[in-house]
Amino acid sequence: MSLEESPITCNLFRAKSSQICGGCEEVFNFEMEYQNKEWSIHKTSCKPYKIVSNEKFGRCLVATRNLKPGEIIFGENATIVGPKQGCRPCCLKCFTSLDSVASLFRCPGCNFPFCQEQCAKSPEHEAECVVLSRARSCISINDMSKSHPVYQCITPLRCILLKSTQPKLFEAFSGLVHHNDLRRQTQMWRIYQVNIVQFLRNVCGLANQFSEEEIHAACGVLDVNAFEIRLPGSKRQQVLGLFPIASMMSHRCVSNTHHVIDSNTYEMTVRASVPIKKGEQLFTTYTLPLDGTNDRRSVLRQSKMFECDCPRCSDPTECLTFLSALRCPRCPIGIMLPIRPLEENETEWQCSPCSYQLDAADVTQLIDQLKEEFENIGPKDVEKLEEFLSRHASSLHPNHFLFTSVRQSLSQLYGRDERYLLNTLTMEQLERKVSICQQLLSVADVVEPGLTRLRGVTLYELYAPMLLLAKRTYEAGHCTLAEFKERIVAVEAILSEATKILLLEDPASTEGAACAVQALNQIQRWIASL
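Each residue of the sequence shown is one higher than the last, beginning at 1 in the UniProt record's numbering.
Take a look at the structure:
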């Protein structure tokens with residue numbers, strides 16, 4: 001551990017010290033007489049963040065020293081892992097989708113389906129099996145193509161069972177925000193009352209152990225605090241994980257951290273995505289960064305129970321990305337923006353050059369129509385996606401979140417769709433893929449800056465068409481060897497950054513880190529031979 005000079009007083013022994021811990025920048029006396037004792041005490045709590053409280057965010061995390069992009073802030077194992085609400089039937093251990101009744105294994109205790117006997121006999125299932133076995137006659141899961149309401153109770157049940165199986169973890173869980181007071185009037189509360197609370201208390205016999213309020217609190221803690229875990233493969237269902245420390249990171253629609261969850265161990269690693277100064281608050285984001293303000297705020301209002309007024313939401317231009325902006329129908333250069341972006345259902349939208357206005361209801365109607373059209377196209381039709389961009393270019397700003405979503409699909413379809421494989425793309429199509437990736441990066445660098453998955457994936461998509469364009473241009477005699485080498489070096493820099501980012505992701509993910517490393521090595525050998 002690195003130490004820096006600082007003539008301050010030791011925090012543990014109050015003795016004069018000239019050194020601070022390089023891990024957390026707290027001051028300690030590392031004189032020989034104290035060294036072993038003090039370090040044994042300090043090493044268990046050394047971390048580059050601390051928990052503080054403030055009026056707006058409640059408990060939150062702040063950096064105790066300057067942090068560099070990519071630097072690990074903390075790692076944390078999931079307290080609870082379980083299926084997400086609305087999932088289709090899946091194995092309760094590994095969360096593999098169960099596609100066929102004939103191939104599954106039913107737990108002899110509770111009758112829940114598993115992918116194999118080994119999963120059904122896992123220690124994690126023992127406590128919940130005892131509870132669910134009381135409802136055995138009600139658990140009849142035979143249609144594997146549809147979601148089953150009984151799965152809604154699994155993750156909340158795992159939470160409340162911590163009370164008897166792991167009291168210390170339950171204590172940490174109980175300290176998390178649940179917003180029962182705000183959730184009580186929502187439709188989701190009523191759904192949980194029937195599918196979870198009444199089922200667990202009345203059918204599974206937990207009425208004497210847990211009150212309705214306690215079970216609702218568990219549901220609320222999950223809704224407000226849980227993180228979605230991305231499992232690799234098309235046959236794995238969506239999963240939630242609860243991480244008590246990570247849940248204390250406050251939300252901001254442009255965050256300064258990036259987290260990765262190992263899909264095998266369910267361990268979360270939180271890194272700085274951009275430079276973070278000592279004393280700055282650590283932020284994560286609970287929404288999709290490429291969504292517009294109205295959609296992000298709606299998700300936060302319904303699931304997290306708060307109104308986001310972060311700098312991005314408060315800015316009509318969304319930090320000059322114009323992700324929600326419209327084209328003015330009255331003047332050729334006008335951009336329409338909400339006058340009061342935090343009042344999305346009431347604000348007028350106004351064109352800055354000509355002052356023409358639209359009501360919020362008119363804007364909502366237009367966007368809803370375009371969303372439906374986009375969803376009906378599907379994410380894999382290149383021609384129709386390109387037509388969508390052309391058809392609505394007079395209505396939406398070029399960076400509008402719908403156009404950005406289309407470009408995100410196109411960035412991967414060009415080169416992967418069987419009709420648009422990379423080596424078969426024309427020069428114009430290669431240039432189109434480059435342009436799409438560059439437009440995505442210009443937005444990503446603002447709304448999800450730094451060492452983030454979005455930037456890594458987009459850079460990886462960018463390198464290949466740039467490489468092919470350079471190669472074809474040189475082979476056609478349209479550039480010199482020196483110019484060709486210069487372009488290849490630029491491609492190497494792009495791929496090198498993509499590789500650096502993708503190597504931080506879950507090793508089992510499909511983001512292509514291994515392919516990126518292989519391609520980077522090949523390009524570096526190629527450059528050396530030129």
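Each residue gets a CB set at the ideal place from its N, CA and C atoms; glycine is no exception. Keep in mind that this is a model prediction, so the values were computed, not measured.
Residue i versus the options, residue with shortest Cα-Cα distance
{"i": "Q152", "options": "Q116, C115, C87 and E117", "result": "C87"}
{"i": "L462", "options": "E497, Y474, K485 and A476", "result": "E497"}
{"i": "S247", "options": "A102, M268 and R236", "result": "M268"}
{"i": "N264", "options": "V274, Q281, V239 and K278", "result": "V239"}
{"i": "residue 536", "options": "D445, E372, N423 and P449", "result": "Because residue 536 is not part of the residues shown, which for the chain are 1 to 530, the question remains open."}
{"i": "D262", "options": "P507, L520 and T64", "result": "P507"}
{"i": "Q522", "options": "I488, N256 and K500", "result": "I488"}
{"i": "R65", "options": "Q85, A78 and C46", "result": "C46"}
{"i": "V446", "options": "V254, I245, F95 and D99", "result": "V254"}
{"i": "P123", "options": "C94, R391 and V101", "result": "C94"}
{"i": "N345", "options": "H400, N294, I154 and C313", "result": "N294"}
{"i": "K68", "options": "E280, H216 and P149", "result": "E280"}
{"i": "G75", "options": "A272, K278 and F374", "result": "A272"}
{"i": "I245", "options": "G175, W189 and N256", "result": "G175"}
{"i": "Q408", "options": "N142, V150, R453 and E418", "result": "R453"}
{"i": "A102", "options": "T458, I72 and N142", "result": "N142"}
Rounded separation between residue i and residue j - CA only
{"i": "I229", "j": "I367", "result": "30 Å"}
{"i": "T9", "j": "T404", "result": "Residue placement at T9 is poorly supported in this model, since its pLDDT is 40, which falls under 50; the coordinates are not used for a value here."}
{"i": "L421", "j": "Y414", "result": "7 Å"}
{"i": "L166", "j": "A226", "result": "Note that residue 166 is Gln in the sequence shown, not Leu. Going by the C-alpha atoms only, they are around 19 Å apart."}
{"i": "E307", "j": "E483", "result": "52 Å"}
{"i": "A15", "j": "S411", "result": "Residue confidence for A15 is low, a pLDDT of 45 falling below 50, so the modelled location carries little weight; the figure read from the coordinates is stated next. Using only the alpha carbons, I get a separation of about 60 Å."}
{"i": "V62", "j": "Y49", "result": "5 Å"}
{"i": "A120", "j": "F105", "result": "8 Å"}
{"i": "I191", "j": "F170", "result": "24 Å"}
{"i": "A513", "j": "E383", "result": "29 Å"}
{"i": "T364", "j": "L320", "result": "21 Å"}
{"i": "S390", "j": "A207", "result": "59 Å"}
{"i": "A218", "j": "Q369", "result": "37 Å"}
{"i": "I51", "j": "F173", "result": "16 Å"}
{"i": "L440", "j": "L481", "result": "30 Å"}
{"i": "R296", "j": "V224", "result": "15 Å"}
{"i": "A519", "j": "T499", "result": "9 Å"}
{"i": "L282", "j": "H125", "result": "35 Å"}
{"i": "P243", "j": "R136", "result": "Note on identity: in this sequence residue 243 is Phe, with Pro being the wrong assignment. Cα-Cα distance, rounded: 31 Å."}
{"i": "F13", "j": "K277", "result": "Reliability fails at F13, whose pLDDT of 41 lies under 50, so the model's placement of it is uncertain and no value is given."}
{"i": "V406", "j": "I339", "result": "27 Å"}
{"i": "Y266", "j": "A78", "result": "6 Å"}
{"i": "V221", "j": "P311", "result": "26 Å"}
{"i": "D362", "j": "S100", "result": "47 Å"}
{"i": "C334", "j": "T347", "result": "Note that residue 334 corresponds to Gly in the displayed sequence, not to Cys. Distance between the alpha carbons of G334 and T347 is about 18 Å."}
{"i": "V260", "j": "M249", "result": "15 Å"}
{"i": "Y474", "j": "L425", "result": "17 Å"}
9 Å Cβ cutoff met for residue i and residue j
{"i": "H258", "j": "L326", "result": "no"}
{"i": "G241", "j": "V81", "result": "yes"}
{"i": "P341", "j": "P316", "result": "yes"}
{"i": "S509", "j": "P232", "result": "yes"}
{"i": "L516", "j": "L503", "result": "A small correction: the amino acid at residue 516 is Ala; Leu does not occupy that position in the sequence shown. Going by C-beta atoms, A516 is nearer than 9 Å to L503."}
{"i": "L157", "j": "L182", "result": "no"}
{"i": "C91", "j": "C110", "result": "no"}
{"i": "residue 611", "j": "H251", "result": "In the structure displayed, the chain extends from 1 to 530; residue 611 sits before or after that span and is not available."}
{"i": "S140", "j": "R236", "result": "no"}
{"i": "C313", "j": "C354", "result": "no"}
{"i": "P449", "j": "V274", "result": "yes"}
{"i": "L358", "j": "M336", "result": "yes"}
{"i": "H400", "j": "L323", "result": "yes"}
{"i": "G70", "j": "L451", "result": "yes"}
{"i": "T155", "j": "P89", "result": "no"}
Checklist entry - Considering only residues of the segment 364-417, which uninterrupted alpha helix (DSSP H) runs meet the minimum length of 4 residues and lie entirely inside it, listed in chain order? => result 382-391 and 401-413
Checklist entry - Which ranges does the alpha helix (DSSP H) cover as unbroken runs of at least 4 residues, wholly within the segment 125-198, from first to last along the chain? => result 126-132, 154-165, 167-174, 180-183 and 187-192
Item to check | Meets three-Cβ-pair contact criterion under 8 Å: the segment 54-69 and the segment 199-207 | outcome: no
Checklist entry - Are there three or more Cβ pairs, one per stretch, closer than 8 Å when the segment 489-496 is compared with the segment 515-529? => result The count of Cβ pairs closer than 8 Å, one atom from the segment 489-496 and one from the segment 515-529, reaches three, so the stretches are in contact.
Next on the checklist: Does the structure place the segment 187-199 close enough to the segment 208-224 that three or more beta carbon pairs sit under 8 Å?
Outcome noted: At 8 Å Cβ cutoff, the stretches touch.
Checklist entry - Counting pairs of beta carbons, one from the segment 121-132 and one from the segment 101-110, are three or more of them closer than 8 Å? => result yes
Item to check | Cβ contact check for the segment 462-475 and the segment 423-440: 3 or more pairs under 8 Å | outcome: Segments in contact, yes.
Next on the checklist: As an exercise, report each continuous alpha helix (DSSP H) stretch of at least 4 residues that is fully enclosed by the segment 423-487, in chain order.
Outcome noted: 427-447 and 453-475
Checklist entry - Could you give the uninterrupted runs of the alpha helix (DSSP H) lying entirely in the segment 257-313, keeping only those of 4 residues or more? => result 293-299
Checklist entry - At which residue ranges does the segment 209-258 contain complete beta strand (DSSP E) runs of 3 or more residues, listed in the order of the chain? => result Secondary structure within the segment 209-258: the beta strand (DSSP E) runs of 3 or more consecutive residues, fully enclosed, are 227-229 and 239-242 (chain order).
Next on the checklist: Threshold first: 3 residues or longer. Then list the beta strand (DSSP E) segments lying entirely within the segment 46-74, N to C.
Outcome noted: 49-54 and 58-63
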